[in-house]
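Student: Let me give you the structure first, and then I'll get to my questions.
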Amino acid sequence: MEKQLRNQIERIIDEGQGKARSVIIQMDTGKEETEELISIASQAVIGRNMFLSARDALPPPAEKLQRTVKASRGRKSRRRRLPDTKSMAEFVATMGFKASKKSIERVARRSLRPLLESDIAKRLVSDRKGAKIGHFWSAASAVLELTKDDLARLPNSVPGIRDVFVNRQVALPPVVRVDPARLPRSVQENKTSAWGVEAIGALATWGAYGARGSGVKVAVLDTGIDSGHRDLQGRISASDFAEFDLDGNIVDGAAVRDTGKHGTHCSGTVAGGNASGHWIGVAPEASLAAGVVLPRGRGTDAQILAGMQWAIDRDVDVISMSLGGLSMSPEVLDTYTRMIITANRLGISVVVAIGNEGSQTSGAPGNDYFAFTVGATDPEDRAAGFSGGRTQVITESSYIRSDALPLVYSKPDVSAPGVGVESAVPRGRYEAWNGTSMATPHIAGAIALLLSATDIRNSVAANERAYLIQDLIMGSVEELGEAGQDHRFGLGRINILKAIGYAKELGY
9 MEKQLRNQIE
19 RIIDEGQGKA
29 RSVIIQMDTG
39 KEETEELISI
49 ASQAVIGRNM
59 FLSARDALPP
69 PAEKLQRTVK
79 ASRGRKSRRR
89 RLPDTKSMAE
99 FVATMGFKAS
109 KKSIERVARR
119 SLRPLLESDI
129 AKRLVSDRKG
139 AKIGHFWSAA
149 SAVLELTKDD
159 LARLPNSVPG
169 IRDVFVNRQV
179 ALPPVVRVDP
189 ARLPRSVQEN
199 KTSAWGVEAI
209 GALATWGAYG
219 ARGSGVKVAV
229 LDTGIDSGHR
239 DLQGRISASD
249 FAEFDLDGNI
259 VDGAAVRDTG
269 KHGTHCSGTV
279 AGGNASGHWI
289 GVAPEASLAA
299 GVVLPRGRGT
309 DAQILAGMQW
319 AIDRDVDVIS
329 MSLGGLSMSP
339 EVLDTYTRMI
349 ITANRLGISV
359 VVAIGNEGSQ
369 TSGAPGNDYF
379 AFTVGATDPE
389 DRAAGFSGGR
399 TQVITESSYI
409 RSDALPLVYS
419 KPDVSAPGVG
429 VESAVPRGRY
439 EAWNGTSMAT
449 PHIAGAIALL
459 LSATDIRNSV
469 AANERAYLIQ
479 DLIMGSVEEL
489 GEAGQDHRFG
499 LGRINILKAI
509 GYAKELGY
């Protein structure tokens, strides 16, 4: 690990520009369950890569899952081989991992102490006249801007460092506004709702189950939100809004607003109403939390991590991120892995866009194995030409055992409507846009419907909940493209009505 760390630092020094480098430093939390879960769960890739049908992803009946949980209790030693199951929820239940939010946070904060109390950190705070160092317990990480000399000395100066990553610049994926007159006839003839709301089965779900997302909170991490838009009024309180700076610190006194349009559009697809006479939101009774992580469409990894930490602290049910840093390489770094795993362990699904640069491209954090990653489809159930997707490779990881590397897997996981999607934009207006950014909030809203239509939040332990939700949504898709998971559709285009039907049948 020490050699790997020094190689990381050398690359950062050699490849950057200027005298200083903004880096995200991740600390070693010791032999605790998060690391073990990441290492062992990576073996499940083998089973998922071999799916021939989306139905292979469905979880076991609730009774069987509960028996698995009970059987795992009191186990003295952890299995280190893949259990005989294709369900990620059952896999996690078999491993018997369970920890409270308080205990996970305590271990992570303890691991951060040597870094935050180091001479390097104290000098940095002093030079910046008391400025705070952004840090995130859910990822056991902190953000420091260091000179090249301090960066080179870092491994000898601070014990317990696991990884060092560049705090990259990140921009929103490009989206395109569509002239309403140029929308397909099938879209224009949808008089009741935006076409995606009907296509994924949301309208039918409202009628069949009386579920519209009530009691579920979705965090949209983006450019902000126009909370005064008539289709978003009452969906968010002032306490559920925050803005973050380049180092991941919260901006004090930030007013509730959208610094662009993107966040409002995504929020409208999650939970917008029908003030215009046209339903735009998948889960119109869900509540929202909005974090400005890419003000005016640009920001850093640290801002995104800070937004995720804030959402976890607010105990949201879903994190929706229509964003990502473009990656032209199939290789994936661990920058977001620990944060996503922590969210999953606490029952929070992390839904991320794959990106809009076309086939054989992807973006981070959507390319992370543990993200629930979304591609885009059009009204004819064709893959959108701009939608990303590829085979991803992890060749170097401080979490995954060397005998499991290289780890090869496919993204996206599923797809959803992302072409000509009408939603809210600031100042009370509406626009139709193209992008995987538009597909992602369809999934977040669908999860809100699933939670409001079932007893999953009360009957399923937090450490299995996010995986169970993913199993149900992936296992119930409309299968498109190649058999199994492919680079264009994932396992297929989601159908939330069918997902809830399977959940009910399986006892959830």
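Okay, so the sequence shown: first residue is 9 according to the working numbering, each after it adds one. Even for Gly, the Cβ is constructed at its ideal location relative to N, Cα and C. This one's a predicted model, so the numbers in the text were calculated from it and none came from an experiment.
Can you name, in chain order, every residue of its own chain whose Cβ lies under 8 Å from the Cβ of Val31, other than the five neighbours on each side?
Tutor: Residue 31 sits at position 23 when you count from the first residue of the sequence shown. A distance below 8 Å between beta-carbons, with the five flanking residues on each side excluded, links Val31 to the following residues of its chain, in chain order: Ile20, Val151, Leu152, Glu153, Leu154, Leu159, Val172, Phe173, Val174 and Asn175.
Student: Three-state secondary structure (DSSP) at Tyr407?
Tutor: On the sequence shown, residue 407 is found 399 positions in, with the first residue counted as 1. In this structure, Tyr407 counts as coil in the three-state DSSP scheme.
Student: Does the beta-carbon distance from Gly204 to Pro425 come in below 9 Å?
Tutor: As a first step, residue 204 must be located in the sequence shown, where it is residue number 196. As a first step, residue 425 must be located in the sequence shown, where it is residue number 417. Yes; because the gap between Cβ atoms is below 9 Å, this pair is in contact.
Student: If you run the structure through DSSP and keep just helix, strand and coil, what is Lys27?
Tutor: Locating residue 27 in the sequence shown gives position 19, where the first residue counts as 1. Look at Lys27 here: in three-state DSSP terms it is coil, with no helix or strand label.
Student: Can you tell me whether Arg88 is buried or exposed? The criterion is at least 16 other CB atoms within 10 Å of its CB, across all chains shown.
Tutor: By 1-based counting over the sequence shown, the position of residue 88 is 80. Any reading at Arg88 must be qualified, since the residue scores a pLDDT of 47, below 50, and its modelled position is unreliable; the value itself is stated next. With fewer than 16 Cβ atoms within 10 Å of its Cβ, Arg88 is classed as exposed.
Student: Going straight from the alpha carbon of Gln493 to that of Ser484, what length do you get?
Tutor: Within the sequence shown, residue 493 is the residue found at index 485, counting from 1. Within the sequence shown, residue 484 is the residue found at index 476, counting from 1. Their backbone Cα atoms lie some 13 Å apart in a straight line.
Student: Whether or not the region 336–346 and the region 356–375 are in contact is what I'm after, with contact meaning three or more pairs of Cβ atoms, one per stretch, closer than 8 Å; do they touch?
Tutor: yes
Student: Give every residue of the same chain whose Cβ lies closer than 8 Å to the Cβ of Ser126, excluding the five residues on either side of it in the sequence, and list them in chain order.
Tutor: By 1-based counting over the sequence shown, the position of residue 126 is 118. For Ser126, where only same-chain residues beyond five positions count, the Cβ hits under 8 Å are Ser165 and Val166.
Student: Measure the C-alpha to C-alpha separation of Asp479 and Ala129 and round it to an integer number of angstroms.
Tutor: Along the sequence shown, one-based indexing puts residue 479 at 471. Along the sequence shown, one-based indexing puts residue 129 at 121. Rounded to whole angstroms, Asp479 to Ala129 spans 42 Å at the Cα level.
Student: Measure the CB-CB distance between Phe378 and Gly299 and report whether it falls below 9 Å.
Tutor: Position 370 of the sequence shown holds residue 378. Position 291 of the sequence shown holds residue 299. Their beta carbons are not under 9 Å apart, which means Phe378 does not touch Gly299 by this criterion.
Student: How far does the beta strand (DSSP E) with Phe249 in it reach, from first residue to last?
Tutor: Here residue 249 refers to the residue found at position 241 of the sequence shown. Where Phe249 is concerned, the enclosing beta strand (DSSP E) stretches over Phe249 to Glu251.
Student: Among Ser222, Glu388 and Leu240, whose alpha-carbon lies nearest the alpha-carbon of Asp463?
Tutor: Here residue 463 refers to the residue found at position 455 of the sequence shown. Among Ser222, Glu388 and Leu240, the Cα nearest to that of Asp463 is on Ser222.
Student: Hey, could you find the ends of the beta strand (DSSP E) Tyr417 is sitting in?
Tutor: Stepping through the sequence shown from its first residue, residue 417 is reached at position 409. Here the beta strand (DSSP E) through Tyr417 covers Leu415 to Lys419.
Student: On the DSSP letters alone, give me the boundaries of the alpha helix (DSSP H) that Met482 sits inside.
Tutor: Stepping through the sequence shown from its first residue, residue 482 is reached at position 474. Start and end: Ala470 to Gly483.
Student: Is Ile451 closer than 9 Å to Gly397 when the C-beta atoms are compared?
Tutor: Taking the sequence shown and counting its residues from 1, the one referred to as residue 397 is at position 389. Taking the sequence shown and counting its residues from 1, the one referred to as residue 451 is at position 443. No, they are not a contact pair.
Student: Find the nearest neighbour of Ala212 within the set Ala507, Glu513, Tyr516 and Gly515, judged by alpha-carbon distance.
Tutor: Taking the sequence shown and counting its residues from 1, the one referred to as residue 212 is at position 204. Ranking Ala507, Glu513, Tyr516 and Gly515 by Cα distance to Ala212 puts Ala507 first.
Student: Going by DSSP, what residues sit across from Ala391 in a beta bridge?
Tutor: On the sequence shown, position 383 is the one that residue 391 refers to. Beta-bridge pairing links Ala391 to Thr385.
Student: Excluding sequence positions up to five away, which residues of its chain have a Cβ less than 6 Å from the Cβ of Arg265?
Tutor: Stepping through the sequence shown from its first residue, residue 265 is reached at position 257. So the qualifying residues of the chain are Gly232.
Student: Would you kindly work out how many angstroms separate the C-alpha atoms of Val195 and Pro387, rounded to a whole number?
Tutor: For the purposes of this step, residue 195 is identified with residue 187 of the sequence shown, where counting begins at 1. For the purposes of this step, residue 387 is identified with residue 379 of the sequence shown, where counting begins at 1. Cα to Cα, the separation comes out at about 7 Å.
Student: Which of the three DSSP states is assigned to Met35 in this structure?
Tutor: Within the sequence shown, the letter at position 27 stands for residue 35. Three-state DSSP puts Met35 in a strand.
Student: Using beta-carbon positions only, say whether Leu458 and Ser330 come within less than 9 Å of one another.
Tutor: Position 450 of the sequence shown holds residue 458. Position 322 of the sequence shown holds residue 330. Cβ atoms of Leu458 and Ser330: not closer than 9 Å.
Student: Put Gly498 into one of helix, strand or coil per three-state DSSP.
Tutor: The count along the sequence shown starts at 1 and reaches residue 498 at position 490. Strand.
Student: Grouping DSSP H, G and I as helix and E and B as strand, with all else coil, what is Lys512?
Tutor: Here residue 512 refers to the residue found at position 504 when the sequence shown is read from its first residue. The answer is helix: DSSP assigns Lys512 an H, G or I state.
Student: Determine whether the beta carbon atoms of Gly271 and Asp230 lie at a separation below 9 Å.
Tutor: As a first step, residue 271 must be located in the sequence shown, where it is residue number 263. As a first step, residue 230 must be located in the sequence shown, where it is residue number 222. Cβ atoms of Gly271 and Asp230: closer than 9 Å.
Student: Skipping 5 residues on each side, what residues in its chain have a beta carbon closer than 7 Å to that of Thr520?
Tutor: Shown here, the chain extends from 9 to 516; a query on residue 520 therefore has no answer.
Student: Expressed to the nearest angstrom, what Euclidean distance is found between the alpha-carbon atoms of Ser149 and Arg117?
Tutor: Here residue 149 refers to the residue found at position 141 when the sequence shown is read from its first residue. Here residue 117 refers to the residue found at position 109 when the sequence shown is read from its first residue. About 9 Å.
Student: Going by C-alpha distance, which of Ala70, Phe59 and Ala210 is nearest Glu513?
Tutor: By 1-based counting over the sequence shown, the position of residue 513 is 505. Answer by Cα proximity: Ala70.
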